[in-house]
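Structure first, then comments.
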Ligand SMILES: Cc1cc2nc3c(=O)[nH]c(=O)nc-3n(C[C@H](O)[C@H](O)[C@H](O)COP(=O)(O)OP(=O)(O)OC[C@H]3O[C@@H](n4cnc5c(N)ncnc54)[C@H](O)[C@@H]3O)c2cc1C
């Protein structure tokens with residue numbers, strides 16, 4: 379791996395090395411007051427913050443590291459529409475009302491991204507189009523059903539293609555077909571987030587970096603304490619997701635940090651265009667899935683894997699490169715310039731959760747590996763509720779949730795057992 383010194387300090391990722399120059403924000407060192415205080419400057423925190431700032435609220439965001447340091451600044455950059463569970467499963471579990479409501483909102487997240495990119499002129503290499511590839515006949519049946527579901531919910535865009543037609547999108551023998559979603563797409567997630575942050579600040583929002591929230595004091599006017607300061611606010615929103623740790627004990631058992639790994643090749647010129655000719659993002663239909671795409675400077679960015687508990691493998695390249703070569707043997711001589719890992723938050727149901735811990739303390743988390751678009755949507759729903767319109771928020775907040783079994787010590791081994799089940803399903807094509 380080639381060593382690079384990224385300008386965005388603290389992250390050894392392709393994104394940090396190609397980040398739009400951004401100011402380092404100050405650390406909180408005093409006691410301040412605002413309408414809303416948000417913990418965590420990822421997509422969720424920025425989405426809530428931007429919506430509230432647009433509504434005229436005074437908003438403070440506290441970030442433990444740099445903004446975008448979490449999953450939002452290190453992900454695959456794929457705008458995957460919908461949720462980590464199909465609408466059919468949502469309907470079976472929670473009833474037709476929930477299926478209809480969540481179905482109506484299923485593609486709103488990617489619309490929000492496109493609208494913000496346009497409104498705030500965010501330079502983030504946004505490209506339209508994505509494919510979900512099938513490795514088995516069962517995957518094909520599932521994708522056909524998935525496309526039908528979206529048609530039924532009025533999102534008429536996706537369509538299914540066979541192996542021959544897929545060659546136009548992915549030059550690989552590995553797949554038997556795919557679903558094409560023209561309303562999917564990909565972007566540079568860190569630059570999108572930096573653009574959102576600049577928009578937020580242009581509306582009067584304040585961000586403090588290197589300012590970890592250590593505890594929340596509940597009450598009529600709750601407060602967030604950091605090492606050197608305190609924010610009192612009418613409302614607090616917890617958006618720390620997989621990196622929250624035990625800051626808010628009531629949330630700990632609701633989510634499981636899971637790490638995923640990404641590598642980026644050297645710039646490949648024509649070869650990258652030959653491998654993914656239409657420049658769509660690609661993910662496969664496995665439970666533990668591979669995801670890949672081209673970058674604006676012609677690399678292949680390839681991710682996959684899932685380590686329960688959020689630990690990093692000893693060698694990221696050793697783990698991901700073999701998968702990449704199974705898909706694209708053409709890359710056997712390609713140099714890997716970057717390799718990194720990041721944590722997303724899994725819920726037991728794989729449906730994201732939003733809610734209130736007290737009447738004035740909200741949370742949003744658990745996008746379960748598909749959060750680029752849902753974080754935008756959920757941020758908007760939380761902001762709507764804070765501004766007094768709870769209708770859409772309640773559809774999500776009222777879904778029953780289940781904590782991970784096994785408590786703090788056993789939830790990782792229990793969930794690892796669960797992941798073996800999914801790996802077996804993938805291997806057996808079930
Ligand atoms: C490697 C990887 C690849 C992925 N690829 C995709 C993809 O291609 N498409 C897709 O849809 N989804 C993808 N995801 C998932 C997606 O990135 C996440 O669901 C999404 O970014 C979550 O955003 P978030 O704001 O909720 O959390 P995060 O982005 O993790 O932000 C949380 C922030 O809170 C801060 N924080 C935590 N605790 C505190 C505290 N106590 N005080 C102050 N700050 C705190 C953290 O430092 C962090 O910056 C991927 C995830 C990973 C890890």
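Residue numbers (the working numbering): 379 to 808. Don't be surprised by glycine CBs; every beta carbon is placed ideally from N, CA and C.
- Query: Could you give the distance in angstroms between the alpha-carbon of residue 429 and the alpha-carbon of residue 539?
  - Reply: As a first step, residue 429 is located in the chain shown; it is residue number 51 there, counting from the start. As a first step, residue 539 is located in the chain shown; it is residue number 161 there, counting from the start. Taking C-alpha positions only, residue 429 is separated from residue 539 by approximately 38 Å.
- Task: Can you tell me which of the three DSSP states residue 771 falls into?
- Result: One-based indexing of the chain shown puts residue 771 at position 393. For residue 771, the three-state secondary structure derived from DSSP is helix.
- Separation of residue 781 from residue 476, as counted between CA atoms: Here residue 476 corresponds to residue number 98 of the chain shown, with the count starting at 1. Here residue 781 corresponds to residue number 403 of the chain shown, with the count starting at 1. Linking residue 476 to residue 781 through their CA atoms gives a straight-line distance of about 20 Å.
- Quick check: the region 449 to 466 against the region 657 to 664, are there 3 or more CB pairs under 8 Å? Three or more beta-carbon pairs separated by less than 8 Å link the region 449 to 466 to the region 657 to 664, which places the two stretches in contact.
- Should residue 393 be labelled buried (16 or more other beta-carbon atoms within 10 Å of its own) or exposed? Here residue 393 refers to the residue found at position 15 when the chain shown is read from its first residue. A buried status is given to residue 393, since no fewer than 16 other beta-carbon atoms sit within 10 Å of its beta-carbon.
- Can you tell which of 565, 587, 768, 386 has the C-alpha that lies nearest to the C-alpha of residue 494? For the purposes of this step, residue 494 is taken as residue 116 along the chain shown, with counting starting at 1. Selection 565, 587, 768, 386 evaluated against residue 494 yields 565 as nearest (Cα-Cα).
- If we call anything under 7 Å between Cβ atoms a contact, is residue 753 one with residue 422? Taking the chain shown and counting its residues from 1, one reaches residue 753 at position 375. Taking the chain shown and counting its residues from 1, one reaches residue 422 at position 44. Remark: C-beta atoms of residue 753 and residue 422 approach each other more closely than 7 Å.
- Query: Apart from the five residues just before and just after residue 755, which ones in its own chain have a Cβ nearer than 7 Å to its Cβ?
  - Reply: Here residue 755 is taken as the residue at index 377 of the chain shown, counted from 1. Sequence-distant partners of residue 755 (beyond 5 residues in either direction) whose C-beta falls short of 7 Å from its own C-beta, in its chain, are 483, 486, 487, 490.
- Around the Cβ of residue 529, are there at least 16 other Cβ atoms within 10 angstroms (buried) or fewer (exposed)? The count along the chain shown starts at 1 and reaches residue 529 at position 151. Result: exposed.
- Since residue 711 is in the beta strand (DSSP E), which residue starts that stretch and which ends it? The residue given as residue 711 occupies position 333 in the chain shown. Neither: residue 711 is in no beta strand (DSSP E) and is coded neither H nor E.
- Query: So residue 626 is in the alpha helix (DSSP H); what residue range does that whole segment cover?
  - Reply: Locating residue 626 in the chain shown gives position 248, counting from the first residue. DSSP places residue 626 in no alpha helix (DSSP H); its state is neither H nor E.
- Integer Cβ distance of residue 512 from residue 764, believed to fall under 8 Å: In the chain shown, residue 512 corresponds to position 134, counting from 1. In the chain shown, residue 764 corresponds to position 386, counting from 1. Not a contact, Cβ separation roughly 41 Å.
- Message: Less than 7 Å between C-beta atoms, sequence neighbours within five positions excluded: which residues of the same chain meet that for residue 536?
- Response: Within the chain shown, numbered from 1, the residue matching residue 536 stands at position 158. Cβ neighbours of residue 536 beyond the five flanking positions: 525, 528, 557, 558, 559.
- Task: Mind reading off the beta-carbon distance from residue 617 to residue 437? Whole number of angstroms is fine, and I expect it under 8 Å.
- Result: Your numbering for residue 617 matches position 239 in the chain shown. Your numbering for residue 437 matches position 59 in the chain shown. 12 Å between Cβ atoms; not a contact.
- What is the residue span of the alpha helix (DSSP H) that residue 567 lies within? In the chain shown, the residue the question calls residue 567 occupies position 189. Start and end: 567 to 580.
- Query: What is the DSSP secondary structure of residue 721, reduced to helix, strand or coil?
  - Reply: Locating residue 721 in the chain shown gives position 343, where the first residue counts as 1. Strand at residue 721.
- Looking only at C-alpha atoms, which of 467, 409, 628 sits nearest to residue 741? In the chain shown, counting from the first residue as 1, residue 741 sits at position 363. When only C-alpha atoms are compared, the closest one is 628.
- Message: Quick check: what's the CA-CA separation for residue 731 versus residue 615?
- Response: The sequence position of residue 731 within the chain shown is 353, counting from 1. The sequence position of residue 615 within the chain shown is 237, counting from 1. The alpha-carbon atoms of residue 731 and residue 615 are separated by roughly 13 Å.
- Query: Under a Cβ-count criterion, where at least 16 other Cβ atoms within 10 Å of its own Cβ denotes burial, should residue 648 be classed as buried or exposed?
  - Reply: For this step, residue 648 is matched to residue 270 along the chain shown. Exposed, by the Cβ-count rule.
- Task: Using three-state DSSP, classify residue 559 as helix, strand or coil.
- Result: Taking the first residue of the chain shown as position 1, residue 559 is located at position 181. For residue 559, the three-state secondary structure derived from DSSP is strand.
- Query: Roughly how many whole angstroms lie between the Cα atoms of residue 473 and residue 572?
  - Reply: Here residue 473 corresponds to residue number 95 of the chain shown, with the count starting at 1. Here residue 572 corresponds to residue number 194 of the chain shown, with the count starting at 1. The C-alpha of residue 572 is placed about 39 Å away from the C-alpha of residue 473.
- Query: Are residue 695 and residue 641 close, meaning C-beta to C-beta below 7 Å?
  - Reply: Within the chain shown, numbered from 1, the residue matching residue 695 stands at position 317. Within the chain shown, numbered from 1, the residue matching residue 641 stands at position 263. With respect to residue 641, residue 695 sits close: the two C-beta atoms are nearer than 7 Å.
- Since residue 641 sits in a beta bridge, which residues does DSSP pair it with? Translated into positions along the chain shown, residue 641 becomes position 263. Looking at the DSSP assignment, residue 641 forms a beta bridge with 680, 717.
- Please look up how many angstroms separate the CB atoms of residue 408 and residue 720, rounded, as I've assumed it's under 8 Å. As a working mapping, residue 408 is identified with position 30 in the chain shown. As a working mapping, residue 720 is identified with position 342 in the chain shown. Rounded, the Cβ-Cβ distance is 32 Å, inconsistent with contact.
- Message: Whether or not the region 501 to 520 and the region 547 to 556 are in contact is what I'm after, with contact meaning three or more pairs of Cβ atoms, one per stretch, closer than 8 Å; do they touch?
- Response: When C-beta atoms of the region 547 to 556 are compared with those of the region 501 to 520, three or more pairs fall below 8 Å, so the two segments count as touching.
- Message: Any heavy atom of ligand 1 inside 6 Å of the beta-carbon of residue 443?
- Response: As a working note, residue 443 is residue 65 in the chain shown. Yes - ligand 1 has a heavy atom lying nearer than 6 Å to the Cβ of residue 443.
- For residue 449, is the beta carbon positioned less than 6 Å from some heavy atom of ligand 1? Locating residue 449 in the chain shown gives position 71, where the first residue counts as 1. The answer is yes for residue 449.
- Query: So, is residue 543 buried or exposed, given that buried needs 16 or more other C-beta atoms within 10 angstroms?
  - Reply: What you label residue 543 is simply residue 165 of the chain shown in a count that begins at 1. Residue burial annotation: residue 543 is exposed, with fewer than 16 other C-beta atoms found within 10 angstroms of its C-beta.
- Message: Which same chain residues end up closer than 6 Å to residue 568 when comparing Cβ atoms and leaving out the 5 residues on each side of it in sequence?
- Response: Position 190 of the chain shown holds residue 568. Non-local C-beta neighbours of residue 568 in its own chain, meaning closer than 6 Å and more than five positions away in sequence, comprise 393, 397, 446, 451, ordered along the chain.
- On the three-state DSSP scale, how would you describe residue 452? Looking up residue 452 in the chain shown gives position 74. Coil at residue 452, not helix or strand.
- From what residue to what residue does the alpha helix (DSSP H) around residue 760 run? Counted from its first residue, the chain shown places residue 760 at position 382. Counting along the chain, the unbroken alpha helix (DSSP H) around residue 760 starts and ends at 752 to 764.
- Message: Going by beta-carbon coordinates alone, are residue 637 and residue 681 separated by less than 7 Å?
- Response: Taking the chain shown and counting its residues from 1, one reaches residue 637 at position 259. Taking the chain shown and counting its residues from 1, one reaches residue 681 at position 303. Contact: no.
- Query: Taking buried to mean at least 16 other C-beta atoms within 10 Å of its own C-beta, is residue 600 buried or exposed?
  - Reply: In the chain shown, residue 600 corresponds to position 222, counting from 1. Around the beta carbon of residue 600, a 10 Å sphere encloses 16 or more other beta carbons of the protein chains shown; the residue is thus reported as buried.
- Item | ligand 1 heavy atom lying under 6 Å from the CB of residue 640 | Looking up residue 640 in the chain shown gives position 262. Residue 640 Cβ: within cutoff of ligand 1.
- If residue 440 sits next to residue 626, beta carbons under 8 Å apart, how far is it from one beta carbon to the other, in whole angstroms? Translated into the one-based positions of the chain shown, residue 440 becomes position 62. Translated into the one-based positions of the chain shown, residue 626 becomes position 248. 13 Å between Cβ atoms; not a contact.
- Query: Hey, residue 610 and residue 738: beta-carbon distance below 7 Å or not?
  - Reply: Here residue 610 is taken as the residue at index 232 of the chain shown, counted from 1. Here residue 738 is taken as the residue at index 360 of the chain shown, counted from 1. Not a contact, by the Cβ cut-off of 7 Å.
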